[in-house]
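S.K.: In mature numbering (1 follows the signal peptide of the UniProt record, and there is no 0), the protein residues as written are -29 to -1, 1 to 240. Even for Gly, the Cβ is constructed at its ideal location relative to N, Cα and C. Predicted model, so just to flag it, every value in this text is computed and none were measured.
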């Protein structure tokens, strides 16, 4: 990291730290990001960094991880760990490489957030015994167990969504999540006790903000949103099957078919 990049990182962290509000405000609406459910984990005190582990695996979707990481990193100075089966570069499903700083063996045992992204590599990870054992072990003590996109299928394959409401990418949500014992919900971000799941790819940004609010307060999350200038105004209204129309849905389904059939096959085993 260059000196200007490090300085920018420190400035962002300082701006976010200035907005710390704890405990959380009362909810304005049931299930809102402004306050936790009564049985959700307690907020993290502002004098303690949040302990976060974010999973890397071959074929993950980089934005699934990088979006939430952008909003959560300021909460976890020195305690946000990128974890792979081994340390070193891990190639995403578009060829972008991310670097695992910890292995399953060296990842801290006690976590506030255990995070799993989705991606084209999901079916292979649903059958990866060592990865699933790692998730089950860390989830047993984690405050929050979290996924974006098809990462929820990996959590489900580990047995961590059985009996929970959850979401995933639209292409697999209704067909595959029930095979793994979860109740599919067509929402962008779903909180159920200490499980948090987000819909496809870009929904990870919303999850990052919603989880940041639970961890450190709504004003912290609002400040993070403003620092990132996250004010979505997409050039097309095609982000859901209903908006995209039949022809675009068919084109997307053809691209997603290997992922969908692969995940369903593993889930049925």
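1) Ignore the nearest five residues each way along the sequence and tell me which others in residue 230's own chain have a CB closer than 6 Å to its CB.
2) Do you know whose CA, among 128, 119, 129, lies nearest residue 32's CA?
3) Going along the chain, which residues of its own chain have a beta-carbon closer than 7 Å to the beta-carbon of residue 143, five neighbours each way excluded?
4) Which value, in whole angstroms, describes the spacing of the CA atoms of residue 80 and residue 25?
5) Should residue 107 go down as buried or exposed, given a rule of 16 or more other Cβ atoms within 10 Å for buried?
6) Taking 6 Å as the cut-off, does the CB of residue 79 come closer than this to any heavy atom belonging to the ligand SAM?
7) Could you pull out every unbroken beta strand (DSSP E) segment of at least 3 residues lying fully inside the stretch 110 to 151, listed in chain order?
8) Tell me whether residue 212 sits in a helix, a strand or coil according to DSSP, three-state version.
9) Per DSSP, which one or two residues make a beta bridge with residue 155?
10) Measuring CB to CB, does residue 220 end up less than 7 Å from residue 97?
11) Counting pairs of beta carbons, one from the stretch 181 to 188 and one from the stretch 39 to 53, are three or more of them closer than 8 Å?
12) Just the C-alpha distance for residue 6 and residue 192, rounded to the nearest angstrom, thanks.
13) Which runs of the beta strand (DSSP E) at least 3 residues long sit entirely within the stretch 21 to 54? Give them in chain order.
14) Does the beta-carbon distance from residue 65 to residue 52 come in below 7 Å?
15) Pair every Cβ in the stretch 162 to 172 with every Cβ in the stretch 135 to 153, then say whether three or more of these pairs are closer than 8 Å.
16) Mapping DSSP to helix, strand and coil, what is residue 175?
17) Give the straight-line distance between the Cα atoms of residue 18 and residue 198, rounded to the nearest whole angstrom.
18) How many Å lie between residue 226 and residue 16 at the Cα?
19) Count the other CB atoms, across all protein chains shown, that sit within 10 Å of the CB of residue 67; report buried if there are 16 or more and exposed otherwise.
M.R.: Judging by the given coordinates:
1) Here residue 230 refers to the residue found at position 259 when the chain shown is read from its first residue. These residues qualify, in order along the chain: 91.
2) Taking the chain shown and counting its residues from 1, the one referred to as residue 32 is at position 61. Minimum Cα distance to residue 32 is reached at 119.
3) Taking the chain shown and counting its residues from 1, one reaches residue 143 at position 172. Closer than 7 Å at Cβ, skipping near neighbours: 121, 124, 231, 234.
4) Here residue 80 corresponds to residue number 109 of the chain shown, with the count starting at 1. Here residue 25 corresponds to residue number 54 of the chain shown, with the count starting at 1. So the two alpha carbons sit approximately 13 Å from each other.
5) Mapped onto the chain shown, residue 107 falls at position 136. Answer is exposed; the Cβ neighbour count stays below 16.
6) Ligands in the displayed structure: none, and consequently the ligand SAM is not present.
7) 115 to 119
8) Locating residue 212 in the chain shown gives position 241, counting from the first residue. Helix.
9) Within the chain shown, residue 155 is the residue found at index 184, counting from 1. According to DSSP, which records beta bridges pairwise, residue 155 is partnered with 137.
10) Working through the chain shown from its first residue, we reach residue 220 at position 249. Working through the chain shown from its first residue, we reach residue 97 at position 126. In this structure, residue 97 does not lie closer than 7 Å to residue 220 by Cβ.
11) yes
12) Translated into positions along the chain shown, residue 6 becomes position 35. Translated into positions along the chain shown, residue 192 becomes position 221. In this prediction, residue 6 scores a pLDDT of 44, lower than 50, which makes its location untrustworthy; the coordinate-derived value is nonetheless stated afterwards. Going by the C-alpha atoms only, they are around 12 Å apart.
13) 23 to 26
14) Numbered from 1 along the chain shown, position 94 holds the residue referred to as residue 65. Numbered from 1 along the chain shown, position 81 holds the residue referred to as residue 52. It is not a contact, given that the beta carbons lie outside the stated cut-off.
15) yes
16) Against the chain shown, residue 175 aligns to sequence position 204. It is helical.
17) As a working mapping, residue 18 is identified with position 47 in the chain shown. As a working mapping, residue 198 is identified with position 227 in the chain shown. The alpha-carbon atoms of residue 18 and residue 198 are separated by roughly 22 Å.
18) Along the chain shown, read from residue 1 onward, the residue named residue 226 stands at position 255. Along the chain shown, read from residue 1 onward, the residue named residue 16 stands at position 45. Taking the straight line joining both Cα atoms gives about 44 Å.
19) By 1-based counting over the chain shown, the position of residue 67 is 96. It counts as exposed.
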